[in-house]
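Asker: Sharing a structure here in structure tokens format.
2 protein chains.
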Amino acid sequence: RKKERFIICRYIRDLWQFAKEDKHGVAFSLKVGLAMIIVSLLILISQPYEVFGTNIIYAILTVAVMFEYTVGATLNRGFNRAAGTLVAGTCALMVIQIILVSAHAAEPYIIGASIFLVAVVTSFMKIWPPLVPYEHCFRVTLFTYCLIIISAYRNSNPVFTALTRLYCIAIGASIAVIMNVLVCPIWAGEQLHNEFVASFHSVAESLEECVKKYLDANCSGHIGFPQFITDEPSFQKCKATMNSSARIDFLANSAKWEPPHGRFRLFYPWPQYVKVGSVLRHCAYEVMALHGCIHSKIQEIYCMKLVAEPEISEAASRATELLCQLANNLSEMKHNPVETINILKSVHGSIYRLQQSGAFNSIQFTTLRNSFPLNLTDYHTMPKTNSCTNALLKEARRLNSWPSINSHQMEDARKIDRGKILRRTEIEYPNSMEALSSRMFVSLLIEFVVKLDHLVDAVDELFKLAKFDEHVV
Amino acid sequence: RKKERFIICRYIRDLWQFAKEDKHGVAFSLKVGLAMIIVSLLILISQPYEVFGTNIIYAILTVAVMFEYTVGATLNRGFNRAAGTLVAGTCALMVIQIILVSAHAAEPYIIGASIFLVAVVTSFMKIWPPLVPYEHCFRVTLFTYCLIIISAYRNSNPVFTALTRLYCIAIGASIAVIMNVLVCPIWAGEQLHNEFVASFHSVAESLEECVKKYLDANCSGHIGFPQFITDEPSFQKCKATMNSSARIDFLANSAKWEPPHGRFRLFYPWPQYVKVGSVLRHCAYEVMALHGCIHSKIQEIYCMKLVAEPEISEAASRATELLCQLANNLSEMKHNPVETINILKSVHGSIYRLQQSGAFNSIQFTTLRNSFPLNLTDYHTMPKTNSCTNALLKEARRLNSWPSINSHQMEDARKIDRGKILRRTEIEYPNSMEALSSRMFVSLLIEFVVKLDHLVDAVDELFKLAKFDEHVV
């Protein structure tokens, strides 16, 4: 009982916290309340009620159903509702004309058949892929048609009723739109733009942290065991960017419906955001691969990496700088091609130096191999490392939602049904494979830079389409 | 005019094609039609109309709004609707009690304030992240509350009206659920299961094709220029798997609501599908990285790859076999641990051999370097290659939605504002980097196999939770 109250308290605290953080959300709720009050005045005051009667309920319904979080989504939904209502109204008027000229006994059959037909057609259309975005329109068409035709059947003056309801719906829709646009508007475009800038920063941070970790693991000298990949904040952010596809599509689609506002002029190229988003996602994939590389079981011994450390660090920081520069340009809506190109140049320069140092490494590696004091197999079987491995792996297994394999533990659990199981983590990696890991890191970094080229191009196109001010230094 | 008619014809043909392919879609539409007919009989026949009056319209609305494509989604929506209606009804009854004891003049103020309060609370709750899945419930609560309270205000017998409407909504909901479950049910679980098996196959195919292409490019001897990556069907399939996150979540969430059906027993572990899906997506990322590696600009000269060709080919075909085996086990719902482990063993064996050949390669590479007859820089500047490059790149640029960079063309276009632009594709890759590409391919393949371990584990857990028949050979 006490615990239950405690849980409720916690929920309320969470909710309060959310309310404090999300000012937009609070504004949205108050706006909905205000719009509902205004529309219910229509029924609470006598005059409008005398004109419209109980049909005024449709105005209230319209506000309740149409009021969405962002302006774009509200307008989109309003369009769907209007289109659906008009199609339904047209169909209903046609069917009513047919009923008026036909025999009275045929009336129920005509109505039944028309409802069946409308239901089948709208249901089929709304699952047809090209029309899926207009699903709400077809849903509205179906139930509006039913409403009109049925009240026509049980009503003396169907056309008058239909028109009255149409006025009520129009009133409700206007109130919803006006409230949404005039009182603290929440623009989908603004949100999209801000989230976009944030995801540039999060990819940059993720890259920075990843490289830092790679070099740190290097300095502290231990080989990278599977760690708590999914707990890392940078990994989480990067993952959020990777999964942002649906959200960006939704926001861009909503933003298309918005009138010019703030910094965004008419015909602002929102669809280009979807394209840039897709390129940025590809960059995020590379960063994920770099993360995978850190946590890979094949890791080079530290002295191999140290040779290229300054180059890796330089290349990564230049790439991060480029991403931040793009994010800042986007955020300030300034087109700054010269500076971008200068940074891109320095990125390429640092990659070139990295490659050269890599070449140096590769030669050194084969010569070092035989003279290297610490035998690799000895290193692996050193007792300290082993106990450390076990503890780390067990911890990882416990905490980690990404299932990291612990062969020892796994074998314990499955000894029975997997008698002759291959001891997985004990795959013997030939010595040359350990050098591979650092080369792989380097080549993934290079691939990332190649993707950066694409990104710079896509952003450049966005800047041109959006006609940002060009700052020529 | 003629062209317009032609476009309409094409749409109709597309629609017809879609109807022929998607039998489920046709069944769904006919079911909606049938349900609407049945519910409209309530108003077309006199007896029920005499009982319920115009309130019967709520039954029709409920069917129109609640009928979803799959059984699970319909039940989920039905639950939301029922919960919303009950909450709204309870609130409304409480407010009506307050109104009955208060002064008549205060009535409109109480109603207005209560509508404002309900609107604010429901709007805020529905955007609170933990409650976002129940968004529909809050929407229903808001408009149902308004409907009840407003008709209570303008009606002599509010409680009777509210109850009548509740009955009508219950009738509509029952018809929607019964029609959806009994007539050709479309189960979200079945869909999820089938799409799952399909995505295993598509990752396997994508891997197979990717490796084939890598080895083919190798035999034909040309270095891989950016090609039409996005046009490749295997790439497309793999991309679909990568972006399937939202769809799998939705289907798994719907499937949870479904009663046991067909091969799926009660408490079937649908959430585990989400986990396996996430691991499979990670495999797909690796395949994407392999694709990226083929189309990377850094490519080893062909004779370097040939050494490891049989090993790469073997490892890839074993991995493909494992994926297909998992897909088949899943499809037939058979748990076959011994065979899976055998294949996994052979995958690891082939990877081990690949690594050893890789080691061989690495040594051979450094010795070969000086004696290799064709100078690399010569190779790059050979006239044939260059013209071929230009044509290929231009074609790629034209056809490709993924913006592939063509530095020459880019420079032509931007010579003015990017005076001192770095000639990007002309980054000089030191010779050692070309050997890197094949090593990277190999190491990505190894990473893929590491992910396969995770996948086998996740699928194994699914099999155990789902209590599939264990086939012990």
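Those protein sequences? They're chains X and S, same order as listed. Per the working numbering, the first sequence starts with residue 1, numbered consecutively. Per the working numbering, the second sequence starts with residue 1001, numbered consecutively. We put the CB at the ideal spot given by N, CA and C, even for glycine.
Taking Cβ positions only, does Ser199 of chain X come closer than 8 Å to chain S?
Answerer: Closer than 8 Å: no.
Asker: Please say whether Cys168 of chain X and Phe79 of chain X have beta carbons closer to each other than 8 Å?
Answerer: No.
Asker: In chain order, what residues of the same chain lie with their CB nearer than 6 Å to the CB of Val211 of chain X, ignoring the 5 residues before and after it?
Answerer: For Val211 of chain X, where only same-chain residues beyond five positions count, the Cβ hits under 6 Å are Ala316.
Asker: What three-state label does DSSP hand Phe264 of chain X in the structure shown?
Answerer: Strand, per DSSP.
Asker: At a Cβ threshold of 8 Å, is Met94 of chain X touching chain S?
Answerer: Answer no: the Cβ-Cβ gap between Met94 of chain X and chain S never drops below 8 Å.
Asker: Anyone know if the C-beta pair for Tyr58 of chain X and Arg165 of chain X falls short of 8 Å?
Answerer: Yes, they are a contact pair.
Asker: Measure the alpha-carbon distance for Ala92 of chain X versus Ile150 of chain X and round it to whole angstroms.
Answerer: Their backbone Cα atoms lie some 10 Å apart in a straight line.
Asker: Can you name, in chain order, every residue of its own chain whose Cβ lies under 7 Å from the Cβ of Ile1043 of chain S, other than the five neighbours on each side?
Answerer: Excluding residues within five positions, the ones whose Cβ falls inside 7 Å are Tyr1049 and Ile1056.
Asker: Is there a C-beta anywhere in chain S that falls below 8 Å from the one on Ser254 of chain X?
Answerer: No, Ser254 of chain X lies away from the interface with chain S (no Cβ there is under 8 Å from its Cβ).
Asker: Is there a C-beta anywhere in chain S that falls below 8 Å from the one on Leu290 of chain X?
Answerer: It does not: the Cβ of Leu290 of chain X has no partner Cβ on chain S nearer than 8 Å.
Asker: Would the beta-carbon of Met1036 of chain S fall within 8 Å of that of Phe124 of chain X?
Answerer: In this structure, Phe124 of chain X does not lie closer than 8 Å to Met1036 of chain S by Cβ.
Asker: Leaving out the 5 sequence neighbours to the left and right, which residues in its chain are closer than 7 Å to Phe1067 of chain S when beta-carbon positions are compared?
Answerer: Taken in chain order, the residues that qualify are Val1032, Ala1035, Thr1074, Ala1176 and Asn1180.
Asker: How close, in whole Å, do the beta carbons of Thr1241 of chain S and Leu1280 of chain S come, if the pair is a contact with beta carbons under 8 Å?
Answerer: The Cβ separation is near 7 Å, so the contact holds.
Asker: Give a yes or no on whether the minimum CB-CB distance between Ser40 of chain X and chain S is below 8 Å.
Answerer: Closer than 8 Å: yes.
Asker: Suppose the cutoff is 6 Å on Cβ atoms and the five residues either side in sequence are ignored; what does the same chain contact list for Ile416 of chain X look like?
Answerer: Residue confidence for Ile416 of chain X is low, a pLDDT of 31 falling below 50, so the modelled location carries little weight; the figure read from the coordinates is stated next. Excluding positions up to five away in sequence, the list is empty.
Asker: Could you tell me the distance, in whole angstroms, from the CA atom of Gly292 of chain X to the CA atom of Trp128 of chain X?
Answerer: C-alpha separation (whole angstroms): 39 Å.
Asker: Restricting to Cα atoms, I'd like to know which of X:Ala103, X:Gly72, X:Tyr109 and X:Ala246 is closest to Pro259 of chain X.
Answerer: Comparing Cα positions, the closest option is X:Gly72.
Asker: Listing by chain order, which chain S residues have their CB less than 7 Å from the CB of Met179 of chain X?
Answerer: Within 7 Å Cβ-Cβ: nothing; Met179 of chain X doesn't reach chain S, min ~11 Å.
Asker: Run down chain S in chain order and give the residues with a C-beta less than 9 Å from the C-beta of Phe28 of chain X.
Answerer: Simply Ser1123, Phe1124 and Ile1127.
Asker: Grouping DSSP H, G and I as helix and E and B as strand, with all else coil, what is Trp1016 of chain S?
Answerer: Of the three classes helix, strand and coil, the one that applies to Trp1016 of chain S here is helix, per DSSP.
Asker: Between Thr164 of chain X and chain S, is there a C-beta pair that is closer than 8 Å?
Answerer: Judged by the 8 Å Cβ criterion, Thr164 of chain X is not in contact with chain S.
Asker: Using a beta-carbon distance below 8 Å, is Met333 of chain X in contact with chain S?
Answerer: Chain S contact via Cβ: absent.
Asker: Can you pull the chain X neighbours of Tyr1153 of chain S, defined as C-beta to C-beta under 8 Å?
Answerer: Correct list: Ile43 and Leu44.
Asker: Output the distance between the C-alpha atoms of Glu309 of chain X and Gln356 of chain X, rounded to the nearest integer angstrom.
Answerer: Computed Cα separation, rounded: 13 Å.
Asker: Quick check: Leu455 of chain X and Cys283 of chain X, are their CB atoms within less than 8 Å of each other?
Answerer: Contact: yes.
Asker: Going along the chain, which residues of the segment 1064-1086 of chain S sit with their C-beta nearer than 9 Å to a C-beta in chain X?
Answerer: Cβ contacts with chain X come from Ala1064, Val1065, Phe1067 and Tyr1069.
Asker: Measuring alpha carbon to alpha carbon, tell me which residue in S:Ala1162, S:Ala1466, S:Leu1215 and S:Val1063 is nearest Glu1332 of chain S.
Answerer: That would be S:Ala1466, whose Cα lies nearest to the Cα of Glu1332 of chain S.
Asker: Could you say which of X:Ala173, X:Ile341 and X:Ala255 lies nearest to Ala83 of chain X if we only look at CA atoms?
Answerer: For Ala83 of chain X, the nearest C-alpha among the options comes from X:Ala173.
Asker: For Glu209 of chain X versus Gly262 of chain X, is the C-beta spacing smaller than 8 Å?
Answerer: No, they are not a contact pair.
Asker: Distance check for Gln1097 of chain S and Glu1107 of chain S, CA to CA, integer angstroms please.
Answerer: Looking at the two C-alpha atoms, the distance is approximately 11 Å.
Asker: For Tyr1109 of chain S, which of X:Ser40, X:Val87 and X:Tyr109 has the nearest alpha-carbon?
Answerer: The shortest C-alpha separation from Tyr1109 of chain S is found at X:Ser40.
Asker: Val203 of chain X and Leu354 of chain X: beta carbons closer than 8 Å?
Answerer: It is not a contact, given that the beta carbons lie outside the stated cut-off.
Asker: Hey, would you say Val287 of chain X sits closer than 8 Å to Phe448 of chain X, going by beta carbons?
Answerer: In this structure, Phe448 of chain X lies closer than 8 Å to Val287 of chain X by Cβ.
Asker: Beta-carbon of Arg1010 of chain S versus every beta-carbon of chain X: anything under 8 Å?
Answerer: For Arg1010 of chain S, the answer is no, since every Cβ of chain X falls outside 8 Å of its Cβ.
Asker: My output table needs one value for Trp257 of chain X: the three-state DSSP class, helix, strand or coil.
Answerer: Here Trp257 of chain X sits in coil by DSSP.
Asker: Can you tell me where the alpha helix (DSSP H) holding Pro1158 of chain S begins and where it ends?
Answerer: Segment Pro1158 to Leu1182, the alpha helix (DSSP H) holding Pro1158 of chain S.
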